[in-house]
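Peer 1: Below you will find the structure I want to go over with you.
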Ligand code: VGL
Ligand code: ZN
């Protein structure tokens, strides 16, 4: 399967047949779909992403994700959600709430969205600034109403600590604390994770990298993701391939799971 990431065209049909009818069963693969941050703020709110398949907005990938949820027998489905307190350190309007490190080029009076500021406490750390988004219990933090929510899903909320951001659904950005995601997946004997959602170059990337680090066979569903910048998405894909992720289109997923 890794060969699908090479440029040369290979006939994979024989391998795919062996995979689907034999290897999967022998290896006892169990698959989870991780739907990353499909929340109102990232789709039509304060941090709406624009780099989506067919140059549409984030809502363009909802039918693709719903189709996967309806047609593919995943052993588990995870929805992740950014869930920030109002005083979160990633909000540009909150920069004046914290001590800025003397080495920071960005100061409280010139800070703008997408700038990276250096905060002084608890330890010196870099923080990219975003518009306020996904504030706990707000409309913007809710999953988009058109997204299918299956029963018996796992919900992982992240970014609850006001003083540390959490792009990954496994760990916060400083790897100080982890969410229950690994233990929830382990409980269900999940070996493979399929990842989709928003934003390709932020939370999808960090979640995928951590999934690889945890030893999951990690598959990014390219046309079921939407990102912040075109350049960022390109870099994410290169980075993920190099780390061992498999990149596929949603139409290929039913033949894999
Ligand atoms: C995200 C920026 C800030 C994301 C979360 O879900 O990709 N991006 N917080
Ligand atoms: Zn956030």
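Numbering (UniProt numbering), first residue to last: 122 to 378. Beta carbons are placed, not taken as given, at the ideal position from N, Cα and C, and that holds for glycine.
#1: Relative to the C-alpha of residue 207, which residue among 258, 373 and 148 is closest?
#2: Would you identify the three-state DSSP class for residue 253, choosing helix, strand or coil?
#3: Which partner residues does residue 299 have in the DSSP bridge list?
#4: Residue 263 to residue 162, Cα distance in whole Å?
#5: Which residues bound the beta strand (DSSP E) around residue 316?
#6: In the structure shown, what three-state DSSP assignment does residue 214 receive?
#7: What separation, rounded to the nearest whole angstrom, lies between the Cα atoms of residue 389 and residue 144?
#8: Tell me the DSSP bridge mates of residue 200?
#9: What would DSSP say about residue 205, mapped onto helix, strand or coil?
#10: Give the single residue among 196, 325 and 214 whose Cα lies nearest to the Cα of residue 202.
#11: Would you please state the rounded distance, in angstroms, between the beta carbons of residue 196 and residue 151? I believe it to be under 8 angstroms.
#12: Which word fits residue 267, buried or exposed, when buried means at least 16 other C-beta atoms lie within 10 angstroms of its C-beta?
#13: When we look at the beta-carbon of residue 176 and count the other beta-carbons within 10 Å, is it buried (16 or more) or exposed?
#14: Grab the span of the alpha helix (DSSP H) containing residue 191 for me, first residue to last.
#15: Between the segment 344-353 and the segment 164-182, are three or more C-beta pairs nearer than 8 angstroms?
Peer 2: Based on what the coordinates show:
#1: Reading the chain shown from its first residue, position 86 is the one you call residue 207. Taking only the C-alpha atoms, the option nearest residue 207 is 258.
#2: Here residue 253 corresponds to residue number 132 of the chain shown, with the count starting at 1. The answer is coil: DSSP assigns residue 253 none of H, G, I, E or B.
#3: Mapped onto the chain shown, residue 299 falls at position 178. Note: residue 299 sits in a beta bridge opposite 292.
#4: Numbered from its first residue, the chain shown carries residue 263 at position 142. Numbered from its first residue, the chain shown carries residue 162 at position 41. The alpha-carbon atoms of residue 263 and residue 162 are separated by roughly 8 angstroms.
#5: As a position in the chain shown, residue 316 is number 195, starting the count at 1. Its beta strand (DSSP E) spans residues 313-319.
#6: Here residue 214 corresponds to residue number 93 of the chain shown, with the count starting at 1. Helix.
#7: There is simply no residue 389 to check, as the chain begins at 122 and stops at 378 in what is shown.
#8: If you number the chain shown from 1, residue 200 lands on position 79. Residue 200 pairs with 156 and 276.
#9: Here residue 205 corresponds to residue number 84 of the chain shown, with the count starting at 1. Looking at residue 205 - three-state DSSP - the assignment turns out to be strand.
#10: Taking the first residue of the chain shown as position 1, residue 202 is located at position 81. Of the listed residues, the one whose Cα sits closest to residue 202 is 325.
#11: Here the question's residue 196 lines up with position 75 in the chain shown. Here the question's residue 151 lines up with position 30 in the chain shown. Contact flag correct, Cβ pair sits at about 4 angstroms.
#12: As a first step, residue 267 is located in the chain shown; it is residue number 146 there, counting from the start. The residue in question, residue 267, is exposed, as its Cβ has fewer than 16 Cβ neighbours within 10 Å.
#13: Taking the first residue of the chain shown as position 1, residue 176 is located at position 55. Under this definition residue 176 is an exposed residue.
#14: Indexing the chain shown from 1 puts residue 191 at position 70. Its alpha helix (DSSP H) spans residues 183-192.
#15: yes
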